[in-house]
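**Student:** Here the sequence shown stands for residues 497 to 652, where the numbers follow my numbering. Glycine included, each C-beta is placed from N, C-alpha and C at the ideal position. Quick caveat, the model's predicted, so the values are computed rather than measured. Quick one: the structure is below, questions incoming.
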Amino acid sequence: MAYFAEIKTDTNTVIRVIVVSDSDVSNNGGDLSSETETWVANNIINDKLLMQNEGWSEYPNTYWKQTSKQKAFRKNYAGTDSTYDAVKDIFIPKQPYASWTLNVDNEWQPPVAIPLSDNGIIDVWWDEENQRWYGIKEDTGVNYVWNTINNEWEQA
């Protein structure tokens, strides 16, 4: 199976990802070809449910790009709300938080590096409002906060 992302022309935002049979890809230009993208555009109907859910009065102008679940090409698998960068020919995931920035490798980076020391912490999450990392300890279920001054977990 091959996967194709439908992308809004005005924002380069992915609005949906569909599955196309390998035979349809082979018979219409092959992997990563503009011929296959054109075939998909001409043979996949507009998503009326998506149009209704988004409140669009008319379907947006779109184009199609092939994507890979294994990330074999275009850096990332295209997901809804990810963007396509045509210059770099890659998909960039949706920004996880407003404070995170895209680095030179096109990966989202938090303003505070994710803690490398686990100290028994099994689940870590970012607190956007307070700009810090929280974690929960495996054996106790106690919450911890990452102290950026001494680079260690402290009980919250």
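#1: Please report how far the alpha carbon of ASN615 lies from the alpha carbon of LEU528, in whole angstroms.
#2: When DSSP builds the beta bridges, which residues end up paired with THR563?
#3: Would the segment 572-588 count as touching the segment 507-522 if we require 3 or more Cβ pairs under 8 Å?
#4: What are the complete beta strand (DSSP E) segments, minimum 3 residues, inside the segment 595-636?
#5: Under 6 Å Cβ to Cβ from GLU531, same chain only, skipping five residues before and after it: list those, please.
#6: Would you check if the segment 543-551 and the segment 601-609 touch, i.e. whether three or more CB-CB distances between them fall below 8 Å?
#7: What three-state label does DSSP hand GLN591 in the structure shown?
#8: Determine the closest residue to LYS504 out of PHE587, ASP623, PRO556, with distance taken between C-alpha atoms.
#9: Starting from the Cα of ALA594, find the closest Cα among ASP635, ALA537, GLN627 and give me that residue.
#10: Which same chain residues, not among the five before or five after GLY637, have their C-beta less than 7 Å away from its C-beta?
#11: Which residue wins for smallest C-alpha separation from MET497, given the options GLN566, ASN538, ASP506?
**Tutor:** Concretely, from the data shown:
#1: For this step, residue 615 is matched to residue 119 along the sequence shown. For this step, residue 528 is matched to residue 32 along the sequence shown. Taking the straight line joining both Cα atoms gives about 45 Å.
#2: Counted from its first residue, the sequence shown places residue 563 at position 67. Paired residues: TYR499.
#3: yes
#4: 617-623, 628-633
#5: Counting from 1 along the sequence shown, the entry for residue 531 is found at position 35. Closer than 6 Å at the Cβ level, and outside the excluded window around GLU531, lie ASN524, GLY525.
#6: no
#7: The residue you call residue 591 lines up with position 95 of the sequence shown. Three-state DSSP puts GLN591 in coil, outside helix and strand.
#8: Mapped onto the sequence shown, residue 504 falls at position 8. Answer by Cα proximity: PRO556.
#9: Along the sequence shown, one-based indexing puts residue 594 at 98. Here the closest residue by C-alpha is GLN627.
#10: Taking the sequence shown and counting its residues from 1, the one referred to as residue 637 is at position 141. Closer than 7 Å at the Cβ level, and outside the excluded window around GLY637, lies no residue.
#11: Taking the sequence shown and counting its residues from 1, the one referred to as residue 497 is at position 1. That would be GLN566, whose Cα lies nearest to the Cα of MET497.
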